[in-house]
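**Student:**
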Amino acid sequence: PDRVDFLRDDEVIDAAQQGENETLIANISQPSLSNALALTSVAIDMNYSNWAVMTRASSDTNVWLRADATYRLQEGGLDTQTGAPLLISFVPPGSTGKVVFSSFHIDAQRDDVTDTILRTVVGHFRSSDEDSTEEEEASDE
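Counting in the numbering used here, the sequence shown runs from 72 upward without gaps.
Dropping the structure here:
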């Protein structure tokens with residue numbers, strides 16, 4: 072609750088899960104991700120309904136992606152959360168770990184987008200090329 076606010080009451084289970092199934096054009100907020108993707112915006116497939124809509128992230132939270140997101144109103148109908156954070160990260164005080172939260176299924180995106188998000192936001196993962204090189208070097212010994 073200190074780092075991010077969700078739609079409706081943060082204390083009520085599933086209250087924020089009102090996002091619509093749609094493809095959003097997300098603005099890339101962090102230069103490192105923008106450079107890695109060589110894009111300033113990216114299509115994000117919200118491939119399920121009832122995803123948690125974030126409304127705000129604190130200034131000490133990295134917001135990687137933002138988009139105008141459609142959500143369901145309690146009284147029926149739809150509305151838009153302008154500039155909704157879709158992908159955030161932060162390091163909790165006194166921790167060496169990192170919290171990463173995504174409102175979308177990362178694995179539902181294009182493979183290159185998924186790989187780049189994981190490498191840039193979460194941390195270093197070896198590519199299959201690096202694995203192949205290590206296996207070749209090990210077999211040469």
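Backbone N, C-alpha and C fix where the C-beta goes; we use that ideal spot for every residue, glycine too.
As the structure is a prediction and not an experimental result, all values here were calculated from the model.
(1) Between the beta-carbon of VAL124 and the beta-carbon of ALA155, is there less than 7 Å?
(2) Flag this pair as yes or no: are the beta carbons of SER120 and ARG74 separated by less than 7 Å?
(3) Tell me where the beta strand (DSSP E) around ILE188 begins and ends.
(4) Per the contact definition of three or more C-beta pairs closer than 8 Å, is the segment 176-195 in contact with the segment 140-153?
(5) Below 8 Å, can you find three or more Cβ-Cβ pairs linking the segment 161-170 to the segment 109-119?
(6) What residue ranges within the segment 102-133 form continuous beta strand (DSSP E) runs of no fewer than 3 residues, ordered along the chain?
(7) Flag LEU78 as yes if its beta-carbon sits less than 7 Å from any beta-carbon of chain D, otherwise no.
(8) Could you tell me the alpha carbon to alpha carbon distance between PHE77 and VAL171, rounded to whole angstroms?
(9) So, is THR132 buried or exposed, given that buried needs 16 or more other C-beta atoms within 10 angstroms?
(10) Tell me where the beta strand (DSSP E) around ILE96 begins and ends.
(11) Go ahead and label ALA109 buried or exposed: buried means 16 or more other beta carbons lie within 10 angstroms of its beta carbon, across all protein chains shown.
(12) With distances taken Cα to Cα, identify the nearest neighbour of GLU93 among THR191, SER174, VAL184, ILE188.
(13) Based on Cα-Cα distance, which residue from ALA140, GLN89, LEU95 lies nearest to GLN180?
(14) For GLN152, which option in ASP183, ASN118, GLN88 has the closest C-alpha, if you only look at C-alpha atoms?
**Tutor:** The relevant details are as follows:
(1) Position 53 of the sequence shown holds residue 124. Position 84 of the sequence shown holds residue 155. Going by C-beta atoms, VAL124 is nearer than 7 Å to ALA155.
(2) Start at 1 with the first residue of the sequence shown, and residue 120 comes out as number 49. Start at 1 with the first residue of the sequence shown, and residue 74 comes out as number 3. It is not a contact, given that the beta carbons lie outside the stated cut-off.
(3) Taking the sequence shown and counting its residues from 1, the one referred to as residue 188 is at position 117. Premise fails: ILE188 lies in the alpha helix (DSSP H), 182-188, not in any beta strand (DSSP E).
(4) At 8 Å Cβ cutoff, the stretches do not touch.
(5) Per the Cβ contact rule, the segment 161-170 is not in contact with the segment 109-119 (fewer than 3 Cβ pairs under 8 Å).
(6) Whole beta strand (DSSP E) segments, 3+ residues: 112-117, 125-128.
(7) Any reference to chain D falls outside this structure, which holds one protein chain only.
(8) Taking the first residue of the sequence shown as position 1, residue 77 is located at position 6. Taking the first residue of the sequence shown as position 1, residue 171 is located at position 100. For PHE77 and VAL171, the distance between alpha carbons rounds to 15 Å.
(9) Taking the sequence shown and counting its residues from 1, one reaches residue 132 at position 61. The residue is buried, with at least 16 neighbouring Cβ atoms inside 10 Å.
(10) Along the sequence shown, one-based indexing puts residue 96 at 25. Looking at the DSSP string, the run of the beta strand (DSSP E) that includes ILE96 is 93-99.
(11) Translated into positions along the sequence shown, residue 109 becomes position 38. By the neighbour-count rule (16 or more Cβ atoms within 10 Å), ALA109 is not buried but exposed.
(12) Taking the first residue of the sequence shown as 1, we reach residue 93 at position 22. It is SER174.
(13) Here residue 180 refers to the residue found at position 109 of the sequence shown. GLN180 has its Cα closest to that of LEU95, out of ALA140, GLN89, LEU95.
(14) Here residue 152 corresponds to residue number 81 of the sequence shown, with the count starting at 1. Of the candidates ASP183, ASN118, GLN88, the residue whose Cα lies closest to the Cα of GLN152 is GLN88.
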